[in-house]
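Under our numbering, residues 1 to 126 are what the sequence shown spells out, in order.
C-beta: ideal position from N, C-alpha, C; glycine also.
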Amino acid sequence: MAKGKKKKVAPKKKAIKKRAVKKKIIKKKVSKKKPTLKAKPTRKIKENIIGEVTHYFPKVRAAVIKLKAPLTTGDVVKIKGHTTDFQQNITSMQIDHVPINQAKKGQEIGLLVDSRVRQHDIVYKV
């Protein structure tokens, strides 16, 4: 080697240490009080229940009703169920295809209805 010339030495690289970053866990404050849902009071009038629909004939639009109270032609009834809710005046009642004007408690009558009804719909007297 010649004098005056020195070998170039590569500088040493320092090892870079990586720090582990800790994630901060943020806890939400939870109130101890549970929200209370206020249910609306359901108003069921048991006094005016006349009967319950047991069957419906769609072609003739007639319902079979098991009576829990007496009923006469000319009364106004309300039929209420899951999808049914209407009022009507009673124009025609039958027992075994015989027209009647009055029906007693415990009888099953055929009633001509204005709209579709379903089993277990409740019949109220208005």
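Measuring CA to CA, which of VAL9, THR83 and ILE90 is closest to ARG118?
In the sequence shown, counting from the first residue as 1, residue 118 sits at position 118. Nearest of VAL9, THR83 and ILE90 to ARG118, Cα basis: THR83.
Taking C-beta to C-beta, are GLY51 and LYS78 nearer than 8 Å?
Within the sequence shown, numbered from 1, the residue matching residue 51 stands at position 51. Within the sequence shown, numbered from 1, the residue matching residue 78 stands at position 78. In this structure, GLY51 lies away from LYS78, with their beta-carbon atoms at least 8 Å apart.
Of the residues LYS38, VAL53, ASP96 and LEU112, which one's Cα is nearest the Cα of LYS66?
On the sequence shown, residue 66 is found 66 positions in, with the first residue counted as 1. The shortest C-alpha separation from LYS66 is found at VAL53.
Beta strand (DSSP E) containing PRO99: first to last residue?
Taking the sequence shown and counting its residues from 1, the one referred to as residue 99 is at position 99. It spans 98 to 100 - the beta strand (DSSP E) in which PRO99 sits, taken as one unbroken run.
List the DSSP bridge partners of ALA62.
Numbered from 1 along the sequence shown, position 62 holds the residue referred to as residue 62. According to DSSP, ALA62 bridges with PHE57 and LEU112.
Beta-carbon within less than 8 Å of ASN101's beta-carbon, same chain only, minus the 5 sequence neighbours each way: which residues are those?
Reading the sequence shown from its first residue, position 101 is the one you call residue 101. The residues are THR72, THR73 and MET93.
Bounding residues of the beta strand (DSSP E) (the contiguous stretch that carries VAL76):
As a position in the sequence shown, residue 76 is number 76, starting the count at 1. Its beta strand (DSSP E) spans residues 76 to 80.
GLN119 in three-state terms, based on DSSP:
Here residue 119 corresponds to residue number 119 of the sequence shown, with the count starting at 1. Looking at GLN119 - three-state DSSP - the assignment turns out to be coil, as it is neither helix nor strand.
Using the Cα positions of GLN107 and ASP75, report the straight-line distance between them to the nearest angstrom.
The residue you call residue 107 lines up with position 107 of the sequence shown. The residue you call residue 75 lines up with position 75 of the sequence shown. If you take the alpha carbons of GLN107 and ASP75, they lie about 17 Å apart.
Do you know offhand how far LYS127's Cα is from ALA103's?
In the structure as shown, the chain starts at 1 and stops at 126, and residue 127 therefore has no counterpart that could be examined.
Report the three-state DSSP secondary structure of ASN89 (helix, strand or coil).
Walking along the sequence shown from the start, residue 89 turns up at place 89. ASN89 falls in the strand class under three-state DSSP.
Run the CB neighbour count on ASP96, radius 10 Å, all protein chains shown included, and call it buried at 16 or more, exposed below.
In the sequence shown, counting from the first residue as 1, residue 96 sits at position 96. By the 10 Å Cβ count, ASP96 comes out exposed.
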